[in-house]
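First up is the structure itself, then whatever we jot down about it.
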Amino acid sequence: MDDTISRITDEQTNYAMLMHLSQFATFIIPFIGWLAPIVMWFLKRDNDFIDRHGKFIFNWMLSLGLYGIGILLSFLVMPILSLVAVLLFALFSIVMIVLAAVQAKQGMLKPYLLSIPFFK
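Residues in the sequence shown are numbered from 778 upward in steps of one, following our numbering.
Structure representation (C-alpha cells):
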C-alpha cells in the first residue's frame, strides 16, 4: 500500500487525524467513539485520502470487536490472564490510535498494526 498520496491539504490531514482521535469519544459517551469516525468518514469519503483512513479505522474497529470477543471467551478458561490481556490490549489500542493520528497528520497511509483488512 502507498505510504502517501500526492496533493494532500492540511485540511485533509487534520480531518483524518480527527477521525482517528474521535475514537477516544468512547471514554465520554459509550459507542460515540465507534459512531463518530464512521459518520466523519461517510461525510467526506469522496476524498481518496480520507476514504483510505476511514477504511483503516473501520477495519481497526471490526478487528477490535473480534479480538474482544476472543478475550471475553478466554475469561471462561483463564480469567486472570484474560484480565491482563484486556489491559494490555487496551493500552496497545490507545497507542495505535495515537500513532495512526500522527501518521494521518503527516500525510501517511498506514493501516493499524494487527488490523484485519476487511475493506481495502
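Built from N, CA and C at the ideal position, the CB exists for glycine as well.
* **Minimum length 4: unbroken alpha helix (DSSP H) runs contained in the segment 784 to 823** => 787 to 798, 809 to 820
* Three-state secondary structure (DSSP) of M885 -> strand
* To do: Go to S892, then tell me how far its alpha helix (DSSP H) extends in each direction, as first and last residue.
  => Note, S892: premise wrong, no alpha helix (DSSP H); not H, not E.
* To do: Pull up the CB-CB distance for M794 and K882, whole angstroms please, since I reckon it's below 8 Å.
  => 4 Å
* How should G831 be labelled, buried or exposed, when 16 other C-beta atoms within 10 angstroms of its C-beta is the threshold for buried? -> buried
* To do: Would you check if the distance between the CB atom of I848 and the CB atom of S840 is smaller than 8 Å?
  => no
* Asked: Shortest alpha-carbon distance to L812 belongs to which of F826, M838, I893, D828?
  -> M838
* What is the residue span of the alpha helix (DSSP H) that F826 lies within? -> 825 to 851
* To do: Can you say whether P894 is buried or exposed, counting buried as having 16 or more other CB atoms within 10 angstroms of its CB?
  => exposed
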